[in-house]
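Read through the structure below, which is laid out as structure tokens, and then see the notes.
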Amino acid sequence: MEDTDAPPLDRIPPHNILAEQCVLGAMILSKNAIADTYKLLLPSDFYDSRHEIIFNTILDLYAAGAASDPVTVPAELEKRGQLSRIGGLDYIHTVVHSVPTAANAAYYAQIVRDQATLRGLVEAGTRITQLGYAIDTTDADELINTAHAELDRVSEKRTSEDYRLLSELLTPVLDEIQQTDDDPHTVHTGFLDFDRVTNGLHAGQLVIVAARPAMGKSTFALDILRHVTLREKRTAAIFSLEMSAADIIKRMLSAEASVPLSLLFAGMPNDGQQNQANWDNIASAYNRMKSAPFFIDDSPNLTMPDIRAKCRRLKHSHDLSLIVVDYIQLMSSHKRIESRQQEVSEISRSLKLLAKELEVPVIGVAQLNRGPESRTDKKPMMSDLRESGSLEQDADMVLLLHRPEYYNTDDRPGEADLNIAKHRNGRTEIINLQFQGKFSRFVSGIRANQEEPPPPDY
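So for the sequence shown, my numbering puts the first residue at 60; every next one is plus one.
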């Protein structure tokens with residue numbers, strides 16, 4: 060039985076050798092694992108000095124753009140004269156074979172980080188205890204200050220100083236106010252009136268696009284993605300819990316090529332003059348789309364940790380500029396949460412934090428409850444956001460999409476209202492759009508009657 064009264068110095072400090080091996084093994088096996096873990100750990104977090112050496116070597120290779128694998132890591136260690144210090148090639152093989160799956164690298168890293176924090180607390184506690192026995196009783200206040208300083212040192216290793224003095228922030232903010240050219244971080248949507256009112260989407264924003272079913276909320280989000288990736292040539296990603304990747308591509312082809320979506324889903328033979336024209340348009344759209352920096356993830360049962368890890372990798376490797384999640388109410392939390400309302404609240408907060416962390420706008424598509432059906436005009440309101448008012452609270456912008464003709468075919472056919480119902484840093488307004496349903500797209504009024512494929516520089 061362990062002697063809990065033994066002095067701290069007689070006990071082994073907290074550590075987890077297996078977790079340390081698993082982190083390093085994952086980093087050697089997967090470049091993605093390096094992206095997931097390098098910001099979580101410091102070299103000194105490793106209890107085993109051999110692991111600190113291996114960790115530094117992997118990071119140096121990664122920073123140089125070189126491969127980190129079971130061949131290059133020991134080769135680099137040999138080059139540095141450190142291979143024998145870590146136990147040779149055999150120990151590298153031990154580390155690599157210790158990891159069950161590289162996909163869990165961040166979880167292993169968190170274990171290592173927590174153990175390092177506990178070691179820091181033990182060391183600080185030991186120093187405080189020693190001072191308590193050694194110091195003159197008249198200097199108790201000094202001891203308290205010293206104890207705080209010791210604990211602060213432990214905390215400082217875990218957090219960076221994100222607070223800054225006002226005087227340091229004023230000048231860059233004034234420069235931003237004076238800036239008349241487009242902010243390079245601004246993401247334009249391609250909808251001219253909307254971009255005029257909002258000046259586009261901005262880094263760190265959570266934008267909720269909400270509507271009743273069949274209003275076109277996914278179509279609207281895809282239109283923005285199409286503009287960002289094909290026109291602005293910027294990297295974007297969609298995490299789709301509703302549509303498959305094939306469905307998304309068909310909708311994009313229909314919108315981009317001006318070929319009816321129904322033909323793409325039904326199948327279109329390559330015969331006849333009209334079909335040939337459609338295939339020519341598809342070929343032209345294909346050439347524009349094939350090099351687009353557009354990532355699609357239609358994995359089932361996506362959770363926020365999944366999305367966060369994937370977006371971090373995309374941000375690091377492809378300078379991710381926009382994230383779309385379609386749609387929020389189909390997501391599930393990885394935590395045990397009492398109610399669905401709390402679960403959606405947790406997801407909403409996580410999306411906002413993701414936008415701030417990666418400094419990109421995040422569009423969350425959301426479904427409204429049946430509130431509009433009970434009104435005479437059928438128009439949506441922010442209070443209709445289904446399952447959670449936190450979507451309204453967390454969002455920097457709430458966009459409510461409404462097509463009157465859905466309820467009455469004679470009521471403004473082909474038109475749609477995009478209600479900027481909430482705009483944290485600007486004014487609210489209702490933007491008129493045109494809905495070209497057969498091509499699965501919305502367009503601004505200036506392009507409302509255009510049915511030919513858009514030019515390459517659109």
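Even glycine gets a Cβ: it sits at the ideal position worked out from N, Cα and C.
Keep in mind the model is a prediction, meaning the values are calculated, not measured.
Asked	Found
Which residues in the same chain have their Cβ closer than 8 Å to the Cβ of valine 268, if we skip the five residues on either side of it in sequence?	Lys276, Phe279, Ala280, Ile422, Gly423, Val424, Ala425, Leu458, Leu460
Can you say whether leucine 410 is buried or exposed, counting buried as having 16 or more other CB atoms within 10 angstroms of its CB?	buried
Determine, using beta-carbon pairs with one atom in the region 257 to 265 and one in the region 305 to 314, whether at least three such pairs fall under 8 Å.	no
Run through the DSSP bridge pairs and tell me what isoleucine 267 is partnered with.	Gly423, Val457
Leaving out five residues before and five after valine 287 in sequence, what residues of the same chain have Cβ atoms less than 7 Å from its Cβ?	Val246, Arg293, Ala295, Ser380, Leu381
What residue range does the beta strand (DSSP E) around glutamine 335 cover?	Premise fails: glutamine 335 lies in the alpha helix (DSSP H), 332 to 348, not in any beta strand (DSSP E).
In or out: threonine 116 buried (at least 16 other Cβ within 10 Å) or exposed?	buried
Cα separation between leucine 34 and isoleucine 151?	The question about residue 34 has no answer here: the residues shown for the chain are numbered 60 through 517.
Taking a contact to mean a Cβ-Cβ separation below 8 Å, would you say leucine 312 touches leucine 322 in this structure?	no
So, is aspartate 149 buried or exposed, given that buried needs 16 or more other C-beta atoms within 10 angstroms?	exposed
Does the region 370 to 377 touch the region 87 to 101, meaning 3 or more C-beta pairs lie closer than 8 Å?	yes
Taking buried to mean at least 16 other C-beta atoms within 10 Å of its own C-beta, is glutamine 237 buried or exposed?	exposed
By DSSP, does glutamine 518 sit in helix, in strand, or in coil?	Within the shown structure, residues of the chain are numbered from 60 to 517, placing residue 518 beyond reach of any answer.
By how many angstroms is the C-alpha of alanine 183 removed from the C-alpha of serine 299?	48 Å
Just to confirm the assignment: which complete alpha helix (DSSP H) runs, minimum length 4, are found wholly within the region 256 to 300?	276 to 285
Closer than 8 Å is the cut-off here; do at least three beta carbon pairs connect the region 100 to 118 with the region 80 to 89?	yes
Checking the sheet assignment: what are the DSSP bridge partners for arginine 372?	Note: arginine 372 sits in no beta bridge, so no partner.
What first and last residue would you give for the beta strand (DSSP E) that runs through lysine 481?	474 to 482
Cβ atoms of isoleucine 366 and isoleucine 297: under 8 Å apart, would you say?	no
Would DSSP call aspartate 470 helix, strand or coil?	coil
Considering aspartate 378, what are the terminal residues of the alpha helix (DSSP H) in which it resides?	No alpha helix (DSSP H) contains aspartate 378, which DSSP labels as neither H nor E.
Roughly how many angstroms separate the alpha carbons of proline 243 and arginine 285, rounded to a whole number?	18 Å
Is glutamate 61 helix, strand or coil by DSSP?	Unreliable positioning characterises glutamate 61 in this predicted model, as indicated by a pLDDT of 46, which lies under 50. The coordinate reading is nonetheless provided below. Glutamate 61: coil per DSSP, three-state reduction.
Suppose you measure from the CA of aspartate 385 to the CA of serine 350; what does that come to, to the nearest Å?	23 Å
If I measure Cβ to Cβ from isoleucine 71 and keep anything under 8 Å in the same chain, skipping five residues before and after, which residues do I get?	none
Can you name, in chain order, every residue of its own chain whose Cβ lies under 6 Å from the Cβ of tryptophan 338, other than the five neighbours on each side?	Asn329
Have a look at the DSSP bridge pairing and note the partners of aspartate 365.	DSSP output for aspartate 365 lists no bridge partner at all.
So what does DSSP say about aspartate 254, is it helix, strand or coil?	helix
Quick one: is phenylalanine 498 buried, meaning 16 or more other Cβ sit within 10 Å of its Cβ, or exposed?	buried
Considering only DSSP beta bridges, list what leucine 444 is partnered with.	Leu427
Alpha carbons only, please: which of Ala325, Ser376, Met390, Gln335 is nearest the one belonging to aspartate 357?	Met390
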